[in-house]
Amino acid sequence: MTRDDTGGGGPALRTAGLGKRYGRVWGLHDCTLTVPAGAIVGLVGPNGAGKTTLLQMIIGLLSPTEGYAEVFGVTSYAHSAATLARVGFVAQDHPLYRDFSVADMFHLGRAMNPGWDQALAQARMAALEIPLERKVKTLSGGQQAQVSLAMALAKRAPLLVLDEPVASLDPIARLEFMREVMASAASTGLTVLIASHVVAELERLCDWLIVLAGGRVQVAGPVDDLLAGHRLLTVPRAAGDAGLPGIPVHRTDSDRHATVLVRSDPAEQAALPHPGWQAEPVGFEQLVLAYLQRPAGALVIPESARAEARPGPAPKAAIR
Numbered sequence: 340m341t342r343d344d345t346g347g348g349g350p351a352l353r354t355a356g357l358g359k360r361y362g363r364v365w366g367l368h369d370c371t372l373t374v375p376a377g378a379i380v381g382l383v384g385p386n387g388a389g390k391t392t393l394l395q396m397i398i399g400l401l402s403p404t405e406g407y408a409e410v411f412g413v414t415s416y417a418h419s420a421a422t423l424a425r426v427g428f429v430a431q432d433h434p435l436y437r438d439f440s441v442a443d444m445f446h447l448g449r450a451m452n453p454g455w456d457q458a459l460a461q462a463r464m465a466a467l468e469i470p471l472e473r474k475v476k477t478l479s480g481g482q483q484a485q486v487s488l489a490m491a492l493a494k495r496a497p498l499l500v501l502d503e504p505v506a507s508l509d510p511i512a513r514l515e516f517m518r519e520v521m522a523s524a525a526s527t528g529l530t531v532l533i534a535s536h537v538v539a540e541l542e543r544l545c546d547w548l549i550v551l552a553g554g555r556v557q558v559a560g561p562v563d564d565l566l567a568g569h570r571l572l573t574v575p576r577a578a579g580d581a582g583l584p585g586i587p588v589h590r591t592d593s594d595r596h597a598t599v600l601v602r603s604d605p606a607e608q609a610a611l612p613h614p615g616w617q618a619e620p621v622g623f624e625q626l627v628l629a630y631l632q633r634p635a636g637a638l639v640i641p642e643s644a645r646a647e648a649r650p651g652p653a654p655k656a657a658i659r
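The opening position of the sequence shown corresponds to residue 340 in the working numbering, with each subsequent residue numbered one higher.
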């Protein structure tokens, strides 16, 4: 499957004002994103940040309270066959029928998915030396994860969504699983959305980043643009945020100095207003942790990503 097959050059994922309320509490609120086709997207946030809520609305397992989500231009609806067919999904617990054989699981996948690629599923098992006649309950955790991934890929869906897929795996199984994901993305132009707590893993894999905290998007955009648009300043502790060259994201004070992560236009980063101040590039993990630790408040999204993500009117079919 090529990128033209999956979206004709349009975005892989688009959400506009997407939100879900559970009683009086918002699990996710005012989520607006535009993710390009072919991106490898890392979704990171603490427990309760809204990651699973967002993923379940994207894949069509949950209905939004407000706004809408689109996958390659098709609005996602809960329990819609058209929505489910466009997304391959691997959950953290890799839900499989324990008394089924691998062949039984593939038979079920073929019955439920019109675009099912049996040859692909079987070839992946052969490459991993997982016999089709083996019962699921006799497989290791890593092998079960690989069966779940094979089923998601055999759907031939243009978007692959992974919700903490390697959280329970040992380091070797984790490496093998993610190697298979990246190989599939490289060979097919697949768009991948990975939710994970392992920041180092996301740094190695992803070219796009979404940080959620408190049910809101804190920052989103291409990783290279985000890193270029932030820097780490060391300033006297007495220096106020109002004098900083950029928008402060997170500040840590010591006895004499303060370390501040600021967002600013890369074109305006050459000079600092005071000669004693120091500036350093920001790393991926520093960026993620700064946005996770900042006080809950208004969204902080680089203007390039904000302009790209600005929604138009909702599709008529999405308004209920």
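Quick reminder that beta carbons are idealized off the backbone N, C-alpha and C, glycines included. Keep in mind that this is a model prediction, so the values were computed, not measured.
query	result
Option nearest Pro497 by Cα separation, candidates Arg353, Glu515, Val531	Val531
Contained beta strand (DSSP E) runs [length at least 3] in the stretch 489-570, N- to C-terminal order	498-502, 530-534, 547-552, 555-561
Ordered list of alpha helix (DSSP H) runs contained in the stretch 379-452, each at least 4 residues	390-398, 420-424, 441-451
CB of Asp546 within 8 Å of CB of Ala351, strictly	no
One or two residues paired with Glu676 in a DSSP bridge	With the chain covering only 340 through 659, there is no way to say anything about residue 676.
Burial state of Ile398 (16 or more Cβ within 10 Å)	buried
Continuous beta strand (DSSP E) stretch holding Leu372: start and end	364-375
Residue nearest to Trp365 in terms of C-alpha spacing, selected from Val621, Gly389, Gly349, Arg353	Gly389
Backbone CA spacing between Arg425 and Val574 [nearest angstrom]	49 Å
Among Gly582, Arg633, Val599, the one whose alpha carbon lies nearest that of Pro620	Val599
Contact under 8 Å by Cβ, Val413 with Ala421	yes
contact_flag[the stretch 575-590, the stretch 610-617] where n(CB pairs < 8 Å) is 3 or more	yes
Span separating the alpha-carbon of Val486 from that of Met396	24 Å
Continuous beta strand (DSSP E) stretch holding Leu357: start and end	350-361
Three CB pairs or more closer than 8 Å across the stretch 509-520 and the stretch 591-605	no
Identity of the residue in Val475, Ala408, Leu571, Thr391 nearest Val550 by Cα	Thr391
Spatial distance of Ala417 from Leu393 (CA atoms)	12 Å
Rounded Cβ spacing between Asp502 and Gln557 (contact assumed at less than 8 Å)	Not quite, the Cβ-Cβ distance comes to about 19 Å (not below 8 Å), so this is no contact.
Outcome for Gly622 when other beta-carbon atoms lying within 10 angstroms are tallied against a minimum of 16	exposed
Cβ-based burial, Ala539 [other Cβ within 10 Å; buried from 16]	exposed
Whether Pro500 touches Phe428 by CB criterion (8 Å)	For clarity, residue 500 is Val in the given sequence; the question names Pro instead. Yes; because the gap between Cβ atoms is below 8 Å, this pair is in contact.
Pair within 8 Å by beta-carbon distance, Tyr672 and Ala534	No answer is possible for residue 672: it lies beyond the span of the chain, which begins at 340 and ends at 659.
Proximity to Cys370 [Cα-Cα], best of Gly358, Arg449, Glu468	Gly358
Val505 and Arg513 closer than 8 Å at C-beta	yes
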